[in-house]
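Sequential numbering of the sequence shown, starting at 2, is according to the numbering used here. Backbone N, C-alpha and C define an ideal beta-carbon position, used for all residues, glycine too.
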Amino acid sequence: MITLGDKQFEKYLSATDVQHAVNGVAVRIGDDFKDKNPVFLVVLNGAFFFAADLIKRFTYPCELSFIKVASYEGLHSSGDISTVMGAEPSLKGRHVIVVEDIVDSGNTIEAIIEILNQEQVASYAIASLFYKPEAYLKSFPLDYVGMEIEDRFIVGYGLDYNGLGRNLKDIYILKAKQMTNLVLFGPPGAGKGTQAALIKDRYELVHISTGDVFRYNMKNNTELGQAAKAYMDRGDLVPDSLTIDMLRAEVEKNPQAKGFIFDGFPRTEAQAAALDELLESMNSSVSGCVALEVDTEILVERLLERGKTSGRADDQDESKIRNRFDEYNEKTAVLKEYYRNQDKFHAVDGVGSIDEITARLTAVIDQL
Ligand code: AMP
Numbered sequence: 002m003i004t005l006g007d008k009q010f011e012k013y014l015s016a017t018d019v020q021h022a023v024n025g026v027a028v029r030i031g032d033d034f035k036d037k038n039p040v041f042l043v044v045l046n047g048a049f050f051f052a053a054d055l056i057k058r059f060t061y062p063c064e065l066s067f068i069k070v071a072s073y074e075g076l077h078s079s080g081d082i083s084t085v086m087g088a089e090p091s092l093k094g095r096h097v098i099v100v101e102d103i104v105d106s107g108n109t110i111e112a113i114i115e116i117l118n119q120e121q122v123a124s125y126a127i128a129s130l131f132y133k134p135e136a137y138l139k140s141f142p143l144d145y146v147g148m149e150i151e152d153r154f155i156v157g158y159g160l161d162y163n164g165l166g167r168n169l170k171d172i173y174i175l176k177a178k179q180m181t182n183l184v185l186f187g188p189p190g191a192g193k194g195t196q197a198a199l200i201k202d203r204y205e206l207v208h209i210s211t212g213d214v215f216r217y218n219m220k221n222n223t224e225l226g227q228a229a230k231a232y233m234d235r236g237d238l239v240p241d242s243l244t245i246d247m248l249r250a251e252v253e254k255n256p257q258a259k260g261f262i263f264d265g266f267p268r269t270e271a272q273a274a275a276l277d278e279l280l281e282s283m284n285s286s287v288s289g290c291v292a293l294e295v296d297t298e299i300l301v302e303r304l305l306e307r308g309k310t311s312g313r314a315d316d317q318d319e320s321k322i323r324n325r326f327d328e329y330n331e332k333t334a335v336l337k338e339y340y341r342n343q344d345k346f347h348a349v350d351g352v353g354s355i356d357e358i359t360a361r362l363t364a365v366i367d368q369l
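Here is the structure:
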């Protein structure tokens, strides 16, 4: 990943891919124009790398001219084209090959074609290294296209973002908006589920509670539910392999998510490492681990109270509740260090009214 000004970009195409595309265009133009003494009309500034590589590969008589028009401001095509520098000498009666770095809306090409018509050229052809079919609004045919790309903002090999990035040999793409991935952390009964339900709406996140997913599977007597039941009933953690596979499947069900609230996951170091790996494969990461801190004795009371109505076997028996705390202290509490080491750990006082705690959490999340 690279940073240009205020934006982050990630690798999209290698220099080799680019050279391959240039070669393809060069071969086709060579075949078509070898005996026409064409004028390559290079559209500045972005096409200068492409033009240099392309024209070196055209081994027949030709001439070279430059034109400069302006359309891009920052990331968006403004649509208004102005000629900053016209072609010299006259193109009248010549076979002109317009050399463009990229065609997206087609506004620039349209303006250039108008100029060529005014100049009364004998013929013109358009050669563009990149073409965004989804963004193209015109109907002029593009004669030579190096590569079609999706409608995303790219830099490198002559193309810039606010003047930067032209010198990159590879092509980079504007990084998609970062996801917000929250690990909602804390011992059983800390209020993770209650708070997650409120926070997910506020930040438009997908809430994954591993406990809920296991309970759903138990209720529906699925294979996963059967495998998890004995552990859950005792208040033990379900083995990592089962839990990690299940979590991965839940994440993959939501490919469009703006982010996730992980509630009750990770609960072991192996799960934390698996989560990092999974998010990395999606070009993302944990944004922060927010921990609800509540004194153990208050938690035991809360869970016994909840057990009266929740129907959860693991909430109704104090020894099972204590076992869940033992599991938490032995296997899960170490994750504070895991996230502290990544500078991602944030403790929040989990005692107070629901609204008070939500306000404390959102104050932290807004800073992530
Ligand atoms: P919870 O609803 O988060 O309190 O979870 C209830 C029970 O589900 C736990 O006591 C475990 O048996 C199981 N469980 C939930 N999440 C995990 C996890 N990340 N790893 C292992 N077991 C889990």
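Let's see if you can read the secondary structure: which residues bound the alpha helix (DSSP H) around E120?
Per DSSP, E120 belongs to the alpha helix (DSSP H) from N108 to E120.
In angstroms, rounded to a whole number, what distance separates the CA positions of V291 and A197?
Cα to Cα, the separation comes out at about 11 Å.
Considering just the uninterrupted stretch of the alpha helix (DSSP H) at D327, what are its terminal residues?
Element bounds for D327: E319 to E328.
Indicate whether K332 and R235 have their beta-carbon atoms separated by less than 8 Å.
In this structure, R235 does not lie closer than 8 Å to K332 by Cβ.
Take every Cβ of the stretch 254 to 273, pair it with every Cβ of the stretch 203 to 218, and state whether three or more of those distances are shorter than 8 Å.
Segments in contact, yes.
Using the beta-carbon count (16 or more within 10 Å), is Y73 buried or exposed?
Reliability fails at Y73, whose pLDDT of 49 lies under 50, so the model's placement of it is uncertain and no value is given.
Identify the continuous alpha helix (DSSP H) that holds V295 and give its terminal residues.
No alpha helix (DSSP H) contains V295, which DSSP labels as neither H nor E.
What does H208 pair with, by DSSP beta-bridge criteria?
DSSP, once it has assigned bridges, lists I262 as partnering H208.
Could you compute how far the alpha carbon of Q317 sits from the alpha carbon of D237?
So the two alpha carbons sit approximately 15 Å from each other.
How far does the beta strand (DSSP E) with E7 in it extend, from its first residue to its last?
The sequence as given places Asp at residue 7; Glu does not occur at that position. From DSSP, D7 is part of no beta strand (DSSP E); its letter is neither H nor E.
Relative to the C-alpha of T195, which candidate in E11, I355, Q9 and E224 has its C-alpha closest?
Nearest option by C-alpha distance: I355.
Tell me the DSSP bridge mates of M148?
The partner list for M148 (beta bridge, DSSP) reads F131.
What do you reckon, is the C-beta of Y232 under 7 Å from a heavy atom of the ligand AMP?
It does: the Cβ of Y232 is within 7 Å (strictly closer) of some heavy atom of the ligand AMP.
Is L279 closer than 8 Å to S286 when the C-beta atoms are compared?
No, they are not a contact pair.
Check whether the stretch 171 to 189 touches the stretch 5 to 19, counting contact only when three or more Cβ pairs, one atom from each stretch, lie closer than 8 Å.
A contact exists between the stretch 171 to 189 and the stretch 5 to 19.
Report yes or no: is there a C-beta of chain B within less than 8 Å of the C-beta of E135?
Structure shown: chain B not included; a single protein chain is present.
Using the C-alpha atoms, what's the distance from K337 back to V44?
If you take the alpha carbons of V44 and K337, they lie about 55 Å apart.
In whole angstroms, what is the alpha-carbon distance linking L169 and G159?
Going by the C-alpha atoms only, they are around 8 Å apart.
Mind checking A250: buried by the 16 CB within 10 Å criterion, or exposed?
Counting Cβ neighbours within 10 Å, A250 comes out exposed, since fewer than 16 surround it.
For the stretch 159 to 234, which segments carrying the beta strand (DSSP E) assignment without a break, of at least 3 residues, lie completely within its bounds, in sequence order?
172 to 175, 181 to 186 and 207 to 210, all fully within the stretch 159 to 234.
Less than 8 Å separating the beta-carbons of S288 and L183?
Contact: yes.
Give every residue of the same chain whose Cβ lies closer than 7 Å to the Cβ of A229, excluding the five residues on either side of it in the sequence, and list them in chain order.
Same-chain partners within the cutoff: F215, N218, M219, V239 and L243.
Just to confirm, is the Cβ distance from A128 to V40 under 8 Å?
Against a cut-off of 8 Å, the Cβ pair of V40 and A128 comes out as no contact.
Suppose you measure from the CA of F266 to the CA of D171; what does that come to, to the nearest Å?
Using only the alpha carbons, I get a separation of about 38 Å.
From which residue to which residue does the alpha helix (DSSP H) around D33 run?
A16 to F34 is the span of the alpha helix (DSSP H), which, as asked, contains D33.
Give me, in chain order, the residues of the same chain whose beta-carbon lies closer than 6 Å to that of F49; leave out the 5 immediate sequence neighbours on both sides.
The residues are G159.
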